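Residues in the sequence shown are numbered consecutively from 2, following this note's numbering. Take a look at the structure below.
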Amino acid sequence: MKLEKRSDGGPLEPEEESSTPGKKPVIIYIMVLFIAAFLLMAWSFASHQRNNTEALGRLQSSVTAMQEVQDLQDQVIALQKQLSELEDAMEDQTNELSENKESLEALKPQIEGMSLLYALQQHYSAGNLAACRACMEAFEAGGYEETLPQLPEEGVTPPADRYRQLKEAVEAREAEAAAQGEAP
Numbered sequence: 002m003k004l005e006k007r008s009d010g011g012p013l014e015p016e017e018e019s020s021t022p023g024k025k026p027v028i029i030y031i032m033v034l035f036i037a038a039f040l041l042m043a044w045s046f047a048s049h050q051r052n053n054t055e056a057l058g059r060l061q062s063s064v065t066a067m068q069e070v071q072d073l074q075d076q077v078i079a080l081q082k083q084l085s086e087l088e089d090a091m092e093d094q095t096n097e098l099s100e101n102k103e104s105l106e107a108l109k110p111q112i113e114g115m116s117l118l119y120a121l122q123q124h125y126s127a128g129n130l131a132a133c134r135a136c137m138e139a140f141e142a143g144g145y146e147e148t149l150p151q152l153p154e155e156g157v158t159p160p161a162d163r164y165r166q167l168k169e170a171v172e173a174r175e176a177e178a179a180a181q182g183e184a185p
């Protein structure tokens, strides 16, 4: 800018600059730099965004895998509880079975005694005194008289009483047969 003096002595006014050819390339250069910087920032932002998206995807798959592992662990815990309950139930059943087996063993002499009593009654009804005598001897040899139930059921003679009745009846018939001279 050049200042010229006016002849009338007035203030000096700056002369308008004519556009200089050196200024325009600087502005274009600065604009190109700003555009390049903006493009680099946009590219960097997009790259970071893509990396973040990939990292989030990996994290999401890790979270999903951890949830699946947690679900499997919960299932394992539930199955372990169920197994423990089943083992306890099996142990209870085993104990009950052994108690039932012991009860059955305790009832075995009574069952054998009742079976012999039934056979004695059948032989007596058939009139076979020799078979009756054999049943009574087996009955007394096994000691089954003490194993027979003593309590009567309603309207039924107790088995122990029934054995005594049959024994007396057989002995009476044997005595009668002996008195008549028959062989038993």
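Here a beta-carbon is modelled for each residue, glycine too, at the ideal position from N, C-alpha and C. Keep in mind the model is a prediction, meaning the values are calculated, not measured.
7 Å Cβ shell around residue i - same chain, five flanking residues per side excluded
i	result
Leu167	Leu121, Gln122, Tyr125
Cys136	Leu117, Ala120, Leu121, His124
Ala132	His124
Contact belief for residue i with residue j at Cβ below 8 Å, rounded distance in angstroms
i	j	result
Glu175	Leu130	6 Å
Tyr164	Leu118	5 Å
Buried or exposed by the 16-neighbour rule on C-beta atoms within 10 Å, applied to residue i
i	result
Val70	exposed
Leu105	exposed
Ala79	exposed
Val171	buried
Nonlocal neighbours in the same chain, by C-beta distance under 8 Å from residue i, ignoring five residues either side
i	result
Pro150	Gln111, Pro159, Pro160, Ala161
Glu92	none
Arg191	Residue 191 lies beyond the stretch modelled for the chain, which goes from 2 to 185, so this question has no answer here.
Cβ shell of residue i (< 6 Å), same chain only, five flanking positions each side left out
i	result
His148	It is worth fixing the name first, because residue 148 is Thr in this sequence and not His. If we look at Thr148 and ignore the five residues flanking it on each side, its Cβ neighbours are Pro110, Gln111, Gly114.
Check your understanding: Pairing CB atoms from the region 96–115 with CB atoms from the region 141–161, are three or more of them under 8 Å?
Key -> Contact between the region 96–115 and the region 141–161 is established, with three or more Cβ pairs separated by less than 8 Å.
Review point. Which parts of the region 80–153 are runs of the alpha helix (DSSP H), unbroken and 4 residues or longer, counting only runs that do not cross its ends?
Key: Within the region 80–153, the complete alpha helix (DSSP H) runs of at least 4 residues are 130–143.
Practice item. Just list the alpha helix (DSSP H) runs in the region 32–59, keeping only unbroken ones of 4 residues or longer that don't cross its boundaries, in chain order. Key: Fully enclosed alpha helix (DSSP H) runs of no fewer than 4 residues are not present anywhere in the region 32–59.
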